[in-house]
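Novice:
Numbering (my numbering), first residue to last: -1 to 158.
1) Measure the alpha-carbon distance for residue 4 versus residue 12 and round it to whole angstroms.
2) Out of curiosity, what's the CA-to-CA distance linking residue 134 and residue 98?
3) Taking only runs that begin and end inside the stretch 56 to 123, name each unbroken alpha helix (DSSP H) of 4 or more residues, in chain order.
4) Can you tell me whether DSSP reads residue 12 as helix, strand or coil?
5) Once you ignore the five residues that flank residue 44 on each side, which residues in its own chain have a CB closer than 6 Å to its CB?
6) Identify the continuous alpha helix (DSSP H) that holds residue 39 and give its terminal residues.
7) According to DSSP, is residue 152 helix, strand or coil?
8) For the beta strand (DSSP E) containing residue 2, name the first residue and the last one.
9) Here's a check: name, in chain order, each residue in its chain whose Cβ is nearer than 7 Å to the Cβ of residue 156, leaving out the five neighbours to either side.
10) Which residues does DSSP pair with residue 129 in a beta bridge?
11) Grouping DSSP H, G and I as helix and E and B as strand, with all else coil, what is residue 53?
12) Going by C-alpha to C-alpha distance, which of 69, 91, 105 and 75 sits closest to residue 84?
13) Counting pairs of Cβ atoms below 8 Å between the stretch 88 to 96 and the stretch 33 to 48, do you hit three or more?
14) Go ahead and label residue 27 buried or exposed: buried means 16 or more other beta carbons lie within 10 angstroms of its beta carbon, across all protein chains shown.
15) Tell me which residues share the same chain as residue 170 and place their Cβ nearer than 8 Å to its Cβ, disregarding the 5 neighbours each side in the sequence.
16) Rounded to a whole number of angstroms, what is the C-alpha to C-alpha distance between residue 158 and residue 10?
Next up, the structure:
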């Protein structure tokens, strides 16, 4: 998901990038509640028939499902913010707060959309003084093209 906010009168603004999420954590909790209820009902029925050994395995199955859903949800909670100021471009990457911050002088920056191999998706890179930073690695190819268009537009927008 690309969220673009910039001032049309200046060359300043920012772009917020987030991966697409199919379900919120609330939806995941509802799904877990349904699956856990079914697992408890089925395993309780088997336990009443004498197959009590199913109970710990049902618990392990539910615990594994909870762990995997949390892992996937937290992996999709990351975001990238690209700030454009008069003199520099700042890229912040992280989950709940910036974990990595890169600063580049605006006149020396360029955005390249390139493919490293015909089978791999293209990568959008911010290049500045022999450094390259990949931006939007979680976006699909169409979203990367739109993002590159916005980035180049912001880079070349004339002030006032």
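Here a beta-carbon is modelled for each residue, glycine too, at the ideal position from N, C-alpha and C.
Specialist: Result, derived from the coordinates:
1) 6 Å
2) 14 Å
3) none
4) strand
5) 52
6) 23 to 46
7) helix
8) 0 to 4
9) Interpretation of residue 156 is limited by its pLDDT of 49, a score under 50 that renders its predicted location unreliable; the figure taken from the coordinates is listed afterwards. Here the set comprises nothing.
10) 126
11) helix
12) 105
13) no
14) exposed
15) Since the first residue of the chain shown is -1 and the last is 158, residue 170 is not available in this structure.
16) Below a pLDDT of 50, predicted positions are generally treated as unreliable, and residue 158, at 45, falls in that range; no measurement from the model is reported.
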